[in-house]
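The structure under discussion appears below in the form of structure tokens.
2 protein chains.
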Amino acid sequence: MFNALIKNLKQRGALADADIDKIISVLKVRHIKKKKNILSEGEQSNFMFFLNEGLCRYYVIDEKGNEQTIELVAEHNWFGDAKAFLAGETARLNIEALEDSHIFSITHADLNRFYDEIPLFERMVRKIIEQYFIKALERIKKVSRSSYSAQERYKEFLKSHPKLVNRVPLVYLSSYLGIAPETLSRLRQQFTKTA
Amino acid sequence: MFNALIKNLKQRGALADADIDKIISVLKVRHIKKKKNILSEGEQSNFMFFLNEGLCRYYVIDEKGNEQTIELVAEHNWFGDAKAFLAGETARLNIEALEDSHIFSITHADLNRFYDEIPLFERMVRKIIEQYFIKALERIKKVSRSSYSAQERYKEFLKSHPKLVNRVPLVYLSSYLGIAPETLSRLRQQFTKTA
DNA sequence: AAATACACTTGATAAATGTCAAGAAAAAAT
DNA sequence: ATTTTTTCTTGACATTTATCAAGTGTATTT
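So the protein lines, in turn, are chains F and P.
For the first sequence, my numbering begins at 13 and goes up steadily by one.
For the second sequence, my numbering begins at 13 and goes up steadily by one.
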């Protein structure tokens with residue numbers, strides 16, 4: 013059940029097996045049905061999640077009442093409302109399963125306890141955060157080029173997430189790319205013609 | 013000379029004065045003239061910087077040869093090409109001083125040494141990275157709403173960076189916001205009329 | 001299998017913003 | 001102080017993309 017996570021942890025740092033067992037023992041397991049929220053705005057959110065299986069999206073609801081998809085997360089990634097988690101605030105975003113999903117969660121309290129008890133764990137987490145930070149910076153690099161056309165943004169997504177393109181429903185992908193669903197539909201048509 | 017940085021470090025964690033001295037003793041000080049690059053694409057970049065005084069921007073050059081401003085950094089912030097720094101790669105972005113600037117730099121080697129020698133320092137850096145990560149996520153939240161109009165993006169910037177609006181030249185600000193300089197100019201005109 | 005709901009496509013039109021070009025204002029250099 | 005350079009503004013026009021509306025196709029439910 014925890015194979016993917018264990019592999020993930022072992023790749024990232026030289027934790028003792030006993031420490032890994034310790035960490036895994038505190039995890040809560042949840043199954044989320046497609047279209048259900050894993051986390052909703054306003055909820056207390058003192059945990060981070062590991063997506064063992066499935067696919068999900070982050071979204072916020074803007075002033076006009078529209079859902080804006082701001083992030084897509086595929087299996088074997090950590091996710092959650094990092095800001096709410098770290099600041100002890102309630103969630104400012106919603107996380108919805110786009111496929112039936114299988115997740116593990118760890119609380120803030122447990123995480124802090126492990127920082128004290130397992131120094132190598134704190135180092136590992138620091139490195140994990142560094143990597144996620146870099147990912148975020150890369151995303152900014154791309155999105156901030158919003159002078160880029162809709163086509164260029166879609167192409168870029170195709171290149172960097174080839175496997176997600178067909179898993180993420182068009183409405184959410186268009187929202188993620190910041191374009192109208194109709195526009196994305198037309199772009200796709202163009203592409204299949206050319207290719 | 014290091015007052016701002018010392019204050020910054022003390023706010024972030026309970027480091028011993030001796031440790032702070034140790035950290036400061038390895039810093040290199042540089043003065044950068046306005047319009048000069050602090051870091052250029054392709055350069056080795058095994059240091060991070062603390063901006064003691066001044067203002068700078070990150071930019072990349074796209075396929076069309078246009079500069080795209082992707083980040084703005086004001087004084088008393090850490091900055092650098094985090095990806096290149098952490099992965100030991102050469103820089104993929106340029107950092108230019110928009111005002112005469114005054115910076116300190118720390119090498120990757122020194123940082124890693126301090127992680128081992130000063131456990132509280134590693135914890136502090138973890139927290140700093142967490143904060144910068146959250147900042148990056150908030151930026152994504154905003155920019156990914158690029159379905160938002162140019163006006164809305166400018167308003168948002170006004171609200172979140174009121175002090176920068178008049179320090180950053182229009183061309184760079186427009187590039188940062190992902191809109192044409194002419195469009196930004198017209199937006200400003202509208203705003204001054206209304207207000 | 002039929003009915004219903006949901007997701008995507010297509011067309012017509014409008015609105016927003018980019019592009020090009022020229023001129024005004026401000027800043028920097030002499 | 002004058003000249004030169006740089007930055008910003010303004011106008012006209014083209015292009016992209018959003019919006020609205022209707023229809024088609026695909027899943028899901030009964």
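From the three backbone atoms N, C-alpha and C, an ideal C-beta is built for every residue, glycine too.
Here the structure is a predicted model, which means the values were calculated and not measured.
**OP:** Following the continuous alpha helix (DSSP H) through residue 51 of chain F, name the residue where it begins and the one where it ends.
**Re:** In the first sequence, counting from the first residue as 1, residue 51 of chain F sits at position 39. For residue 51 of chain F, there is no enclosing alpha helix (DSSP H); the residue is found in the beta strand (DSSP E) stretching over 49-51.
Original post:
Near residue 89 of chain F, which residues of its chain fall below 7 Å by C-beta distance, leaving aside the five closest residues on each side in sequence?
Top reply: Translated into the one-based positions of the first sequence, residue 89 of chain F becomes position 77. Here the set comprises 63.
Original post:
When you compare only the Cα positions, how much space is there between residue 16 of chain P and residue 66 of chain P?
Top reply: Counted from its first residue, the second sequence places residue 16 of chain P at position 4. Counted from its first residue, the second sequence places residue 66 of chain P at position 54. Taking the straight line from one Cα to the other gives about 13 Å.
**OP:** Please list, in chain order, all residues of the same chain as residue 24 of chain F whose beta carbon is under 6 Å from its beta carbon, the five residues on each side excluded.
**Re:** Taking the first residue of the first sequence as 1, we reach residue 24 of chain F at position 12. So the list reads 136, once near-sequence residues are dropped.
Original post:
Apart from the five residues on each side of it in sequence, which residues of its chain come closer than 6 Å, Cβ to Cβ, to residue 186 of chain P?
Top reply: The residue given as residue 186 of chain P occupies position 174 in the second sequence. Excluding positions up to five away in sequence, the list reads 193, 196.
**OP:** Consult DSSP for residue 136 of chain F and reduce its assignment to one of helix, strand or coil.
**Re:** Residue 136 of chain F sits at position 124 when you count from the first residue of the first sequence. In this structure, residue 136 of chain F counts as helix in the three-state DSSP scheme.
Subject >> Proximity test, Cβ basis, 7 Å: residue 149 of chain F and chain P >> reply: If you number the first sequence from 1, residue 149 of chain F lands on position 137. Yes, residue 149 of chain F lies at the interface with chain P (some Cβ there is under 7 Å from its Cβ).
Subject >> Same chain only: Cβ atoms within 6 Å of residue 48 of chain F, ignoring 5 sequence neighbours per side >> reply: On the first sequence, position 36 is the one that residue 48 of chain F refers to. Same-chain partners within the cutoff: 109.
Subject >> Simplified DSSP assignment, three categories, for residue 103 of chain F >> reply: Within the first sequence, the letter at position 91 stands for residue 103 of chain F. Reduced to three states, the DSSP call for residue 103 of chain F is coil.
**OP:** Keeping to the same chain, check which residues put their C-beta closer than 6 Å to that of residue 190 of chain P; ignore five residues upstream and five downstream.
**Re:** Numbered from 1 along the second sequence, position 178 holds the residue referred to as residue 190 of chain P. Cβ within range, chain order: n/a, list empty.
**OP:** Specify whether the stretch 132-146 of chain F and the stretch 78-88 of chain F touch according to this definition: at least 3 beta carbon pairs, one from each stretch, less than 8 Å apart.
**Re:** They do not touch, by the three-pair rule.
Original post:
Does any residue of chain P bring its CB to less than 7 Å from the CB of residue 95 of chain F?
Top reply: Position 83 of the first sequence, counted from the first residue, corresponds to residue 95 of chain F. Cβ-Cβ to chain P under 7 Å: yes for residue 95 of chain F.
Subject >> CA-to-CA distance, residue 150 of chain F to residue 69 of chain P, given in whole angstroms >> reply: Counting from one through the second sequence, the residue named residue 69 of chain P turns up at place 57. Counting from one through the first sequence, the residue named residue 150 of chain F turns up at place 138. Between residue 69 of chain P and residue 150 of chain F, the C-alpha separation is close to 16 Å.
Original post:
Exposed or buried, residue 170 of chain P, counting other C-beta atoms within 10 Å across all chains shown (16 or more means buried)?
Top reply: By 1-based counting over the second sequence, the position of residue 170 of chain P is 158. The residue in question, residue 170 of chain P, is exposed, as its Cβ has fewer than 16 Cβ neighbours within 10 Å.
Original post:
What number of angstroms, rounded off, separates the C-alpha of residue 97 of chain P from the C-alpha of residue 147 of chain F?
Top reply: Taking the first residue of the second sequence as 1, we reach residue 97 of chain P at position 85. Taking the first residue of the first sequence as 1, we reach residue 147 of chain F at position 135. Put simply, the backbone Cα of residue 97 of chain P is about 14 Å away from that of residue 147 of chain F.
Subject >> As assigned by DSSP and simplified to three states, the class of residue 179 of chain F >> reply: As a working note, residue 179 of chain F is residue 167 in the first sequence. Coil, per DSSP.
Subject >> Reduced DSSP category for residue 161 of chain P - H, G, I as helix; E, B as strand; rest coil >> reply: For the purposes of this step, residue 161 of chain P is identified with residue 149 of the second sequence, where counting begins at 1. Residue state, collapsed to three classes: coil.
Subject >> Closest Cα partner of residue 79 of chain P within the set P:53, P:22, P:93, P:140 >> reply: As a working mapping, residue 79 of chain P is identified with position 67 in the second sequence. Residue P:53 is the option with its Cα nearest to residue 79 of chain P.
**OP:** State yes or no: is the C-beta of residue 153 of chain P within less than 7 Å of the C-beta of residue 107 of chain F?
**Re:** For this step, residue 153 of chain P is matched to residue 141 along the second sequence. For this step, residue 107 of chain F is matched to residue 95 along the first sequence. By the CB criterion at 7 Å, residue 153 of chain P and residue 107 of chain F fall outside the cutoff.
**OP:** Apply the 10 Å Cβ neighbour rule to residue 182 of chain P and answer buried if 16 or more other Cβ atoms are within range, or exposed otherwise.
**Re:** Position 170 of the second sequence, counted from the start, is the residue given in the question as residue 182 of chain P. Result: exposed.
Subject >> 7 Å Cβ cut-off: residues of chain P touching residue 144 of chain F >> reply: On the first sequence, position 132 is the one that residue 144 of chain F refers to. Simply 145.
**OP:** Please state if the CB of residue 39 of chain F and the CB of residue 116 of chain F are separated by a distance shorter than 7 Å.
**Re:** On the first sequence, residue 116 of chain F is found 104 positions in, with the first residue counted as 1. On the first sequence, residue 39 of chain F is found 27 positions in, with the first residue counted as 1. The answer is yes: Cβ separation under 7 Å.
**OP:** Take the Cβ of residue 155 of chain P as the centre, count every other Cβ of all protein chains shown within 10 Å, and call the residue buried at 16 or more, exposed below.
**Re:** For this step, residue 155 of chain P is matched to residue 143 along the second sequence. Buried, since its Cβ has 16 or more Cβ neighbours within 10 Å.
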